[in-house]
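What follows is one structure encoded as structure tokens, with my remarks underneath.
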Ligand code: AHR
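In this note's numbering, the protein residues as written are 48 to 368.
In structure tokens form, the structure reads like this:
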């Protein structure tokens, strides 16, 4: 009996001293991060912020770049499950199609936190929490600014949507539409996806300018700043003056849009903070410690920026990516 007790005690001590790297000492939290890719400056800033947040917290963060493809994200999550990570951060490229892989993570007892985008599911128990902004509010804020700015005059608008089927594209459209529905003078005359990238948005804007022919364009609303930068290039190449003849409002608040605002080429941006991973890692650490589920949604702040502070904001943020 004494031998048995001794063996149990030795095994318990050995297990307590084991970490995931097998080097002993205190256990380092290992977290897999399935990132969408690097389609925008904002996305790069979010990845950089995640690396920094992990380093500050002593977390082993394993980042997988899905290059915009959901199937790559599903493979990455499966690999994280096989590695037995302590938690998974998922920035879901589109809103649907996650249930199966999230069920696999749940069955393996690995909590998943959604970053910056929401998913559509009938079973919210499949993820622990979501750290995102209110994306409908972002669209509404952009619309409210435009309605106020044009003061009742006729305003045909080109809308550049984000990735088809992604939660920010769906929600930012919804919020903007709801806001401008109150003003009969503001009309979206063309709405197309620029996939959150500069190059695609520039192409879409070029074709919009052509197809609108003589119609005076009043404003461009882009679901992110990178697409607005592409649109600004297209407008300038067509001899138009963005920021003056054509108003611009977009979302993210990346350094380049502040530069454009300071130069007089853009008018407004709604901020989306790239600091998503830090609160998510803190939630995972707390959950790992006490097993208490955090709130289902951690909402990040939303704020409108105008040219008056653009030069200072550019200086403050220029090293973000
Ligand atoms: O999900 C957040 C959005 O994704 C950002 O607004 C956009 O820049 C990024 O691609």
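Cβ atoms here follow ideal geometry from the backbone N, Cα and C, with glycine treated the same way.
Note that this is a predicted model, so its numbers are computed, not measured.
Where does the unbroken beta strand (DSSP E) through residue i begin, and where does it stop?
i: residue 203; result: 202-208
i: residue 318; result: 315-319
i: residue 1; result: Summary: the structure shown does not reach residue 1, with the chain confined to residues 48 through 368, and so no result is reported for it.
i: residue 79; result: 77-82
i: residue 239; result: 233-240
i: residue 277; result: Unbroken run through residue 277 is the alpha helix (DSSP H), 272-284; no beta strand (DSSP E).
Give the DSSP-derived three-state secondary structure of residue i in the structure shown.
i: residue 175; result: coil
i: residue 199; result: coil
i: residue 142; result: coil
i: residue 150; result: helix
i: residue 194; result: helix
i: residue 347; result: coil
i: residue 354; result: helix
i: residue 259; result: helix
i: residue 183; result: helix
i: residue 368; result: coil
i: residue 251; result: helix
i: residue 71; result: With a pLDDT of 44 at residue 71, under the threshold of 50, the modelled position of that residue is not reliable, and no figure is offered here.
i: residue 341; result: coil
i: residue 360; result: helix
i: residue 328; result: helix
i: residue 94; result: helix
i: residue 101; result: helix
Thinking C-alpha only, which one of the options is nearest residue i?
i: residue 108; options: 84, 338, 135 and 228; result: 135
i: residue 156; options: 315, 334, 359 and 361; result: 334
i: residue 183; options: 168, 173, 220 and 169; result: 220
i: residue 349; options: 162, 188, 138 and 167; result: 188
i: residue 255; options: 273, 145 and 235; result: 235
i: residue 330; options: 153, 146 and 159; result: 159
i: residue 285; options: 257, 147, 98 and 165; result: 257
i: residue 323; options: 295, 149, 97 and 341; result: 97
i: residue 115; options: 139, 131, 358 and 93; result: 139
i: residue 148; options: 237, 297 and 170; result: 170
i: residue 137; options: 341, 328, 272 and 332; result: 328
i: residue 308; options: 358, 293 and 76; result: 358
i: residue 249; options: 274, 345 and 230; result: 274
i: residue 343; options: 198, 106, 332 and 176; result: 176
i: residue 306; options: 352, 99, 319 and 77; result: 352
i: residue 252; options: 288, 186, 230 and 277; result: 277
i: residue 227; options: 74, 319, 213 and 197; result: 197
i: residue 102; options: 298, 125 and 75; result: 75
i: residue 106; options: 79, 122 and 118; result: 79
If you draw a straight line from the alpha carbon of residue i to that of residue j, how long is it in whole angstroms?
i: residue 81; j: residue 218; result: 22 Å
i: residue 174; j: residue 120; result: 15 Å
i: residue 128; j: residue 270; result: 33 Å
i: residue 311; j: residue 194; result: 20 Å
i: residue 361; j: residue 264; result: 28 Å
i: residue 268; j: residue 347; result: 22 Å
i: residue 368; j: residue 211; result: 25 Å
i: residue 88; j: residue 161; result: 20 Å
i: residue 92; j: residue 86; result: 11 Å
i: residue 279; j: residue 83; result: 25 Å
i: residue 296; j: residue 130; result: 43 Å
i: residue 72; j: residue 112; result: With a pLDDT of 48 at residue 72, under the threshold of 50, the predicted position of this residue should be treated as unreliable, though the coordinate-derived value follows. Distance between the alpha carbons of residue 72 and residue 112: 31 Å.
i: residue 153; j: residue 133; result: 12 Å
i: residue 293; j: residue 95; result: 33 Å
i: residue 110; j: residue 262; result: 46 Å
i: residue 246; j: residue 266; result: 19 Å
i: residue 355; j: residue 199; result: 23 Å
i: residue 321; j: residue 238; result: 26 Å
i: residue 222; j: residue 229; result: 12 Å
i: residue 325; j: residue 145; result: 23 Å
i: residue 46; j: residue 319; result: Here the chain covers residues 48 to 368 and nothing more, so residue 46 does not appear.
i: residue 142; j: residue 332; result: 26 Å
i: residue 168; j: residue 117; result: 16 Å
Residue range of the alpha helix (DSSP H) that residue i falls in?
i: residue 87; result: Unbroken run through residue 87: none, as it is neither H nor E.
i: residue 161; result: Segment 159-162 is the beta strand (DSSP E) holding residue 161; no alpha helix (DSSP H) there.
i: residue 226; result: 214-227
i: residue 129; result: 117-130
i: residue 299; result: Taken as a continuous stretch (DSSP letters only), residue 299 belongs to no alpha helix (DSSP H), being part of the beta strand (DSSP E) at 294-299.
i: residue 307; result: 302-309
Should residue i be flagged as near chain C, meaning a C-beta pair shorter than 8 Å?
i: residue 86; result: Any reference to chain C falls outside this structure, which holds one protein chain only.
TODO: Would you check if the stretch 311-322 and the stretch 335-342 touch, i.e. whether three or more CB-CB distances between them fall below 8 Å?
DONE: no
TODO: State whether the stretch 354-368 contacts the stretch 295-308, with contact taken as three or more CB pairs (one from each stretch) at a distance under 8 Å.
DONE: yes
Open item on the list: Pairs of beta-carbons, one from the stretch 196-210 and one from the stretch 236-246, closer than 8 Å: are there three or more?
Closed with: yes
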